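Working notes for the structure below.
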Amino acid sequence: MGGSSGLGKFIKLYVRLGDLPVDLKGDSYGDFILKLMKKLEEADYIKSQKARSEKNEEIPIYRLKIEKLIWKLGDEATVKADLIKRRSYRDQAPRPNAFFKKMYQRDFSRMKRFRAEDHTGQLNTEARLDREDRFRADWYCDEARKQIDEKRIWAES
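Positions in the sequence shown are counted from 1; adding 906 to them yields this note's numbering.
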């Protein structure tokens, strides 16, 4: 969020074009950002936490509250221009990312269920071997039965 970041440049341009009486030179920019973050936190858009800088100094960090985002279905053909990241005098006509467009159109209720677990490097030997057995059971069926051993696959780790 520094003055030379994409957001910093956008804020400075916005202030300049709007002829707003805001000093953003030197340390004034940092003070402005801290005040802005405080206002956003008071409005319940973000949450602040304390962290340590590279110099081991306590600094605030901020997280956007995900429940404050409003997701809206688009027209699947256009994308709203990002004025913060792409400041340009030319008109922008970005297209939707084909990968995400296709992914969001999927009916996930009809797909195979995924099971997320710890990385095998974080498990003890017994749990890792059990996980590997269940993985193989899903891929290699008993030739005589030609069935997947569901009970074994879904056994608890």
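Ideal Cβ positions, reconstructed from N, Cα and C, are used throughout, including at glycine.
Since we're looking at a predicted model, the values are computed, not measured.
Exercise. Quick one: using the 10 Å Cβ neighbour count with 16 as the cut-off for buried, is Ile917 buried or exposed?
Key: Buried, since its Cβ has 16 or more Cβ neighbours within 10 Å.
Practice problem: Drop a sphere of 10 angstroms on the beta-carbon of Tyr935, count the other beta-carbons inside from all chains shown, and report buried for 16 or more, exposed for fewer. | Solution: It is buried - the Cβ of Tyr935 has at least 16 other Cβ atoms within 10 Å.
Quiz item: beta strand (DSSP E) containing Lys956: first to last residue?
Solution: That run of the beta strand (DSSP E) goes 952-958.
Quiz item: Between the region 931-951 and the region 1008-1015, do three or more beta carbon pairs fall short of 8 Å?
Solution: When C-beta atoms of the region 931-951 are compared with those of the region 1008-1015, fewer than three pairs fall below 8 Å, so the two segments do not count as touching.
Quiz prompt | Beta-carbon gap between Arg1037 and Thr1026 smaller than 8 Å | solution = Closer than 8 Å, so yes.
Exercise. With distances taken Cα to Cα, identify the nearest neighbour of Lys956 among Asn1003, Glu964, Ala987.
Key: Measuring from the Cα of Lys956, the nearest candidate turns out to be Glu964.
Quiz item: Between the Cα of Leu975 and the Cα atoms of Lys1018, Ile952, Asp988, which residue gives the shortest distance?
Solution: Ranked by Cα distance from Leu975, the first of Lys1018, Ile952, Asp988 is Ile952.
Practice problem: Using the Cα positions of Ile939 and Arg969, report the straight-line distance between them to the nearest angstrom. | Solution: Ile939 and Arg969: Cα-Cα distance of roughly 14 Å.
Exercise. Out of Ser1015, Ala1033, Arg1016, state which residue places its alpha-carbon closest to the alpha-carbon of Glu1023.
Key: Nearest of Ser1015, Ala1033, Arg1016 to Glu1023, Cα basis: Ala1033.
Practice problem: Please check the pair Leu954 and Glu948, which I expect to be a contact at CB under 8 Å, by giving their CB distance rounded to whole angstroms. | Solution: A small correction: the amino acid at residue 954 is Ser; Leu does not occupy that position in the sequence shown. Not a contact, Cβ separation roughly 11 Å.
Quiz item: To which residues of the same chain is Pro966 closer than 6 Å at the C-beta, ignoring the five residues directly before and after it?
Solution: Answer for Pro966: Ser954, listed in chain order.
Quiz prompt | Whether Lys991 touches Gly912 by CB criterion (8 Å) | solution = Gly912 sits close to Lys991, with the two beta carbons spaced by under 8 Å.
Exercise. Reducing DSSP to helix, strand and coil, say where Arg1012 ends up.
Key: Residue state, collapsed to three classes: coil.
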